[in-house]
Amino acid sequence: MLIDGKKALVTGGSRGIGSGIVKTFLRNGASVYYISRKPGDYLEEYKKIAAENGVEVIYKEGNVADEETITATVNEILEESGGIDILVNNAGIAKDGLVMRMSAEDWQDVININLTSAFYISKVVSRSMIKRRTGAIINVTSIVGLVGNAGQSNYAASKAGMIGFTKSLAREIAGRNVRVNAVAPGYIQTEMTDKLSDDQQEGLKAQIPMGRVGEPEDVANVIMFLASDLAGYVTGQVIRISGGMGM
Ligand SMILES: NC(=O)c1ccc[n+]([C@@H]2O[C@H](COP(=O)([O-])OP(=O)(O)OC[C@H]3O[C@@H](n4cnc5c(N)ncnc54)[C@H](O)[C@@H]3O)[C@@H](O)[C@H]2O)c1
Numbered sequence: 000m001l002i003d004g005k006k007a008l009v010t011g012g013s014r015g016i017g018s019g020i021v022k023t024f025l026r027n028g029a030s031v032y033y034i035s036r037k038p039g040d041y042l043e044e045y046k047k048i049a050a051e052n053g054v055e056v057i058y059k060e061g062n063v064a065d066e067e068t069i070t071a072t073v074n075e076i077l078e079e080s081g082g083i084d085i086l087v088n089n090a091g092i093a094k095d096g097l098v099m100r101m102s103a104e105d106w107q108d109v110i111n112i113n114l115t116s117a118f119y120i121s122k123v124v125s126r127s128m129i130k131r132r133t134g135a136i137i138n139v140t141s142i143v144g145l146v147g148n149a150g151q152s153n154y155a156a157s158k159a160g161m162i163g164f165t166k167s168l169a170r171e172i173a174g175r176n177v178r179v180n181a182v183a184p185g186y187i188q189t190e191m192t193d194k195l196s197d198d199q200q201e202g203l204k205a206q207i208p209m210g211r212v213g214e215p216e217d218v219a220n221v222i223m224f225l226a227s228d229l230a231g232y233v234t235g236q237v238i239r240i241s242g243g244m245g246m
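Numbering (numbering that gives the first Met the number 0), first residue to last: 0 to 246.
Here it is as structure tokens:
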């Protein structure tokens, strides 16, 4: 159990990559708070895994892009838990379109939910981690943030922004023993990618040297490594989890 006895906060934990992170953390001995718009279909399964491993899972409803309410919710979690050891900024959306046709609203929604939310939440959590002189923050960016993608300028900008945010925050708080890293998944099978057309899915698969689409657990395992003491000397890094896509 790599993260035994730790307390984690995961955003977007109701499904997809987030559900892989919640399950992996619970199986490895951490108690998990997760925030998403809805509890999702897995809460009962999470509770079962938590009970089997002697830990807890707690759901908090929230919109990560709303500064006032998300700050209040995160403060409540810090108080209830007595301190968070691991923060994963995972919640995210895509609203794709070519730049020439994209509305300002679609641009801003994606920036707010994917990037600004990580600032709101990290601001509160990092302050508490600094006081306790321990903590690991992991931000979920994307290969698209590294290489760009036609039709995803808002998404790519949010994910590239998250990389700059990760490295800057890492530099700000490294001296207080709080580490900040990012993971950049490639093409992972989730509800988000299920929405892509068959042609888009085939086009993406063709770009994966390992020849298979990733599973949420592929991402969760690397996040767990970064959250654990095994990565105790790793900060400010971006790890691609992509079967070689975008290497
Ligand atoms: N699936 C992929 O191939 C892939 C690749 C690279 C990066 N990512 C990133 O991984 C993360 C998870 O993606 P996924 O594929 O699991 O997506 P998903 O759509 O299956 O899940 C997204 C999660 O974010 C939550 N969420 C969305 N907006 C929210 C808001 N305003 N407030 C609170 N919660 C909110 C949803 O409730 C859900 O739990 C995202 O940041 C995404 O950009 C995904």
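Where is the CB? At the ideal position from N, CA and C, for every residue including glycine.
Quantities reported herein were computed from a predicted structural model and do not represent experimental measurements.
Contact check for Ser227 against Ile34 fails: the beta carbons are separated by 9 Å or more. Of the residues Ser127, Met223 and Met209, the one whose Cα lies closest to the Cα of Gly243 is Met209. Contact between Ser167 and Met101 does not hold, since the beta-carbon distance rounds to 27 Å and is not under 8 Å. Asp105 sits close to Gly96, with the two beta carbons spaced by under 9 Å. The secondary-structure analysis by DSSP pairs Ala183 across a beta bridge with Arg239. Ligand 1 has no heavy atom closer than 8 Å to the beta-carbon of Met209. By the Cβ neighbour-count rule, Met223 is buried, with 16 or more other Cβ atoms within 10 Å of its own. If one requires a minimum length of 3 residues, the beta strand (DSSP E) runs lying completely within the segment 63-131 are 85-88, in chain order.
Your pair Ile120 and Thr10 checks out as a contact, with CB atoms roughly 7 Å apart and the cut at 8 Å. Contact between the segment 127-135 and the segment 78-85 is present, with at least three C-beta pairs closer than 8 Å. Straight-line measurement puts the Cα of Ala90 at about 25 Å from the Cα of Met0. Here the distance from the Cβ of Ala93 to the nearest heavy atom of ligand 1 is below 8 Å. Looking at the DSSP output, Gly134 bridges to Val177. The C-beta distance from Ser18 to Val54 rounds to 16 Å, too long to fall under 8 Å, and the pair is not in contact. For Phe118, the closest C-alpha among the options Gly4, Val63, Ala156 and Val221 is that of Val63. Counted as a single uninterrupted DSSP element, the beta strand (DSSP E) harbouring Val56 occupies residues Val56 to Glu60. When DSSP states are grouped into helix, strand and coil, Gln200 belongs to the helix group.
Inclusion of Gly160 and Gly144 in the CB contact set at 9 Å is warranted, their separation being smaller than that value. Among the bridge pairs identified by DSSP, Gly213 is matched with Ile187.
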